[in-house]
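Some notes on the structure that comes next.
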Amino acid sequence: TNHGRTATSTTTTTTSTDNPNVYYVVNIGTNNLGAGMTTHQTVRGILAVTKYLLLQQQQQQQQARIVVMELLPRDDEPGLFTKVQEVNALVRDEMEVLKKNHNRLQLIDCGEAFYSSTKSSSSSSTSSTAAA
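Residues in the sequence shown are numbered consecutively from 28, following the numbering used here.
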């Protein structure tokens, strides 16, 4: 379901993908959750794109790297923060399996800094409330 949005995807092979310094970055999924898709639908989408890129690399004997980004934390809607964590955990598990056969595949968690700042700000506000 695209909820009235038009999504287009174009694959162009104008760069030298046999160059090991070429990266494909998969940074998708957060809008799927925001549009009401389930965590499992979102994970399937992320993995579908990742597996497509892996297949293309294999078929074309490319040396590019594929970097999959975990979803950044967000809580602009009720329950979204938990869904993001669920998606990231499921993607993390699936990526461990994929990485066994694909050494040029990497998963990056950019949200750790956000989680750390959320923890420290909530603990400092709890401390100041307790002191008052």
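Cβ atoms here follow ideal geometry from the backbone N, Cα and C, with glycine treated the same way.
In this structure, E97 lies near V118, with their beta-carbon atoms less than 8 angstroms apart. Rounded to the nearest whole angstrom, the C-alpha separation of R92 and V70 is 20 angstroms.
Taking a cut-off of 8 angstroms for Cβ pairs, the region 118-127 and the region 100-108 do not touch, as fewer than three such pairs fall below it.
Just so you know, the alpha carbons of P47 and L74 end up roughly 22 angstroms apart.
Per DSSP, the beta-bridge partners of R92 are Y50. Taken through DSSP and simplified to helix, strand or coil, I135 comes out as strand.
For M64, no alpha helix (DSSP H) run applies, since DSSP gives it neither H nor E.
Cβ atoms of L80 and Y51 come within 8 angstroms of each other, at about 5 angstroms. Assigned with DSSP and collapsed to three states, K78 falls in helix.
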